[in-house]
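Just so it is clear: in the sequence shown, position 88 is 153 by our numbering, and no numbers are missing.
Ideal Cβ positions, reconstructed from N, Cα and C, are used throughout, including at glycine.
Please read all numbers here as calculations on a predicted model, not as lab measurements.
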Amino acid sequence: MPSVPGEPRIRRLGLGSSSGGDRPLRAQVVVGLVCVAVLIAVPLYLLRKPSFKGSAEAASASASASNGAGAPRAQPAPATPPAPPPRLTLGPVQKVRCGASAAATPNEGTLCDTLPPFEEALKQAILGNEGCAPKSKLKGSINYVLTVDFARKKLHIFPGASGDWRGKQARRATSCVEAAVKVADWNVPHQYRFYAIAVLATYAGAQGEPLPAAGTTPAAPSGPALPNFE
Numbered sequence: 066m067p068s069v070p071g072e073p074r075i076r077r078l079g080l081g082s083s084s085g086g087d088r089p090l091r092a093q094v095v096v097g098l099v100c101v102a103v104l105i106a107v108p109l110y111l112l113r114k115p116s117f118k119g120s121a122e123a124a125s126a127s128a129s130a131s132n133g134a135g136a137p138r139a140q141p142a143p144a145t146p147p148a149p150p151p152r153l154t155l156g157p158v159q160k161v162r163c164g165a166s167a168a169a170t171p172n173e174g175t176l177c178d179t180l181p182p183f184e185e186a187l188k189q190a191i192l193g194n195e196g197c198a199p200k201s202k203l204k205g206s207i208n209y210v211l212t213v214d215f216a217r218k219k220l221h222i223f224p225g226a227s228g229d230w231r232g233k234q235a236r237r238a239t240s241c242v243e244a245a246v247k248v249a250d251w252n253v254p255h256q257y258r259f260y261a262i263a264v265l266a267t268y269a270g271a272q273g274e275p276l277p278a279a280g281t282t283p284a285a286p287s288g289p290a291l292p293n294f295e
């Protein structure tokens with residue numbers, strides 16, 4: 066029959082058309098799976114990705130810690146010990162008397178002119194010879210009176226009445242200081258031939274009693290303010 070040879074051809078055409086329709090469906094499924102995989106993989110990657118900023122901060126902190134551990138710690142500067150209290154303080158130079166001679170000194174100190182070289186020489190001799198003072202456990206003072214005789218070019222030191230220490234121990238101290246006085250310039254300008262100037266020196270005793278602060282005048286004991294010339 067003429068129709069029999071044509072049947073296989075019809076079946077082959079039908080099979081061919083069915084296979085061609087499955088190909089687009091398969092492609093869509095593959096694309097969908099890829100999209101799903103991408104949507105799942107990207108968030109997981111972002112969550113598990115290490116933070117560059119955090120790593121940099123951690124590395125910096127680690128480096129600082131290692132540097133700090135290796136470097137020696139700065140030691141605090143030792144405290145400066147307090148200065149010891151002064152053992153000797155001097156009062157201001159006092160102009161006592163002046164005149165034509167030792168026997169004629171009618172002018173009180175306020176009327177006398179100053180003798181800076183001799184005043185400085187007296188102070189330096191006292192400060193440079195602290196050992197001349199009497200050995201005592203208690204604080205004491207000596208009023209060093211310096212007489213300047215321009216006519217005879219002679220200096221003399223004796224203890225005045227304003228000091229705590231008098232008598233032999235004071236005279237030994239003034240003689241000791243007198244030997245240390247360096248002769249000043251006798252050509253210094255002056256109005257009179259004879260002068261008497263004084264400096265009150267206060268010594269700390271062996272017990273370390275505090276002395277007046279620097280720049281203050283030590284308090285003189287009660288009695289005559291002027292040295293005793295007798």
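Give me, in chain order, the residues of the same chain whose beta-carbon lies closer than 6 Å to that of residue i; leave out the 5 immediate sequence neighbours on both sides.
i	result
D178	Q256
T212	H221 and A261
H216	In the sequence as presented, His is not what sits at residue 216; that position holds Ala. Here the set comprises R258.
A297	Residue 297 lies beyond the stretch modelled for the chain, which goes from 66 to 295, so this question has no answer here.
Please determine, among the options, the residue with the shortest C-alpha to C-alpha distance to residue i.
i	options	result
A198	K218, P224 and D214	P224
G232	Q140, N194 and N208	N208
E184	R237, L111, G97 and V161	V161
A169	T175, D214, I105 and P141	D214
L153	R113, L98 and E195	E195
Which whole-angstrom value is the C-beta distance of residue i and residue j, which I expect to be below 8 Å?
i	j	result
L220	V248	7 Å
A167	F259	6 Å
P171	G164	6 Å
Less than 9 Å between the beta carbons of residue i and residue j, yes or no?
i	j	result
L192	L155	yes
T206	T267	Before going on, a small fix: residue 206 reads as Ser here, not Thr. Closer than 9 Å, so yes.
P182	V253	yes
P151	A269	yes
K200	A271	yes
V210	T175	no
A35	Q159	Examination of residue 35 is not possible in this model, given that the chain is present from 66 through 295 alone.
Checking the sheet assignment: what are the DSSP bridge partners for residue i?
i	result
S296	Any question about residue 296 goes unanswered here, given that the chain covers just 66 to 295.
A145	Per the sequence presented here, residue 145 reads as Thr, with Ala not at that position. In the DSSP output, where bridge partners are listed per residue, T145 has none listed.
Y260	C163 and V213
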